[in-house]
Amino acid sequence: MKLRPISLAAIAVAALVVAIVVAPVVVALSALSSLHLRLQRIALKCAPWRSTPLAPRLDRPG
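Going by the working numbering, the first residue of the sequence shown is number 123, and it counts up by one from there.
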């Protein structure tokens, strides 16, 4: 069985398919990250005494 060399067109088609599959995933993850940060800001405005693991606050009641 003899293997054919991969043509440039086949590589281009494969790259296009990968881009079409990967791009929406990256966009969705970015949107979720942005939404998460926005919700965190809203939560801190509503309850500023709540602490986060990365930025503990010293003005907690009690």
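Ideal Cβ positions, reconstructed from N, Cα and C, are used throughout, including at glycine. Owing to the predicted nature of the structure, the values given are computational and were not obtained by experimental measurement.
Check, Outcome
"Cβ shell of residue 184 (< 6 angstroms), same chain only, five flanking positions each side left out", "Its pLDDT being 49, under 50, residue 184 is placed unreliably by the model, and nothing is read from it."
"DSSP-derived helix/strand/coil call for residue 134", "helix"
"Residue 167 versus residue 156: straight-line alpha-carbon distance, rounded", "17 angstroms"
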